[in-house]
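Engineer: Take a look at the following structure, please.
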Amino acid sequence: MYVQPESNPGSAVNSNVSCNDSAAYIYDGLSEDSRAAFEAHLEQCSECRRFIADVHMFLSDFSPSDANVKLRPDWIVRGLITVILLLVLATTIVILRMT
Numbered sequence: 001m002y003v004q005p006e007s008n009p010g011s012a013v014n015s016n017v018s019c020n021d022s023a024a025y026i027y028d029g030l031s032e033d034s035r036a037a038f039e040a041h042l043e044q045c046s047e048c049r050r051f052i053a054d055v056h057m058f059l060s061d062f063s064p065s066d067a068n069v070k071l072r073p074d075w076i077v078r079g080l081i082t083v084i085l086l087l088v089l090a091t092t093i094v095i096l097r098m099t
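Going by UniProt numbering, 95 is the number at position 95 of the sequence shown; the sequence numbering is gapless.
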């Protein structure tokens, strides 16, 4: 997978927008104004376009049905909680079998 591009502080589009905002853009973490500014940045920054395309392609391998489905932070939290609970359950079963 492509590595996130370096920050581009000299962006001519908006001095408050940089390549570092790409993760927030992917996960809908930008305000409407910041999102619009970042989309304008994307028109000029081929590194960010490539990075976002690579991330979407990577995430589409894990998407249940649609490659355009965006992961929401609450889905991630629920998934992590589920994994943690399953690990706790498995550990408990192993400990009980040992005693």
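Note that beta-carbon positions come from the ideal geometry of N, C-alpha and C, so glycine has one too.
Treat the numbers as computed from the prediction; the structure is a model and nothing was measured.
Taking only three categories from DSSP, how would you classify ASP21?
Structural biologist: Residue numbering aside, residue 21 sits at position 21 when the sequence shown is read from its first letter. The answer is helix: DSSP assigns ASP21 an H, G or I state.
Engineer: Check whether the segment 20-30 touches the segment 42-53, taking contact to mean three or more Cβ pairs, one atom from each stretch, closer than 8 Å.
Structural biologist: They touch, by the three-pair rule.
Engineer: What does the Cβ neighbour count give for ILE84, buried or exposed, with the cut at 16 atoms within 10 Å?
Structural biologist: Counted from its first residue, the sequence shown places residue 84 at position 84. Per the 10 Å Cβ criterion, exposed.
Engineer: For ILE26, which residues of its own chain have a beta-carbon under 7 Å away from its beta-carbon, when the five flanking residues on both sides are left out?
Structural biologist: As a position in the sequence shown, residue 26 is number 26, starting the count at 1. Same-chain partners within the cutoff: ILE52, VAL55.
Engineer: Determine the closest residue to ASP33 out of VAL77, VAL17, SER60, ILE81, with distance taken between C-alpha atoms.
Structural biologist: On the sequence shown, position 33 is the one that residue 33 refers to. Among VAL77, VAL17, SER60, ILE81, the Cα nearest to that of ASP33 is on VAL17.
Engineer: In whole angstroms, what is the alpha-carbon distance linking GLN44 and ALA37?
Structural biologist: Translated into positions along the sequence shown, residue 44 becomes position 44. Translated into positions along the sequence shown, residue 37 becomes position 37. Cα to Cα, the separation comes out at about 11 Å.
Engineer: For MET98, which residues in the same chain have their Cβ closer than 8 Å to its Cβ, ignoring the five residues on either side in sequence?
Structural biologist: Here the question's residue 98 lines up with position 98 in the sequence shown. Cβ neighbours of MET98 beyond the five flanking positions: none.
Engineer: Using the C-alpha atoms, what's the distance from GLY79 back to LEU42?
Structural biologist: The count along the sequence shown starts at 1 and reaches residue 42 at position 42. The count along the sequence shown starts at 1 and reaches residue 79 at position 79. Their backbone Cα atoms lie some 30 Å apart in a straight line.
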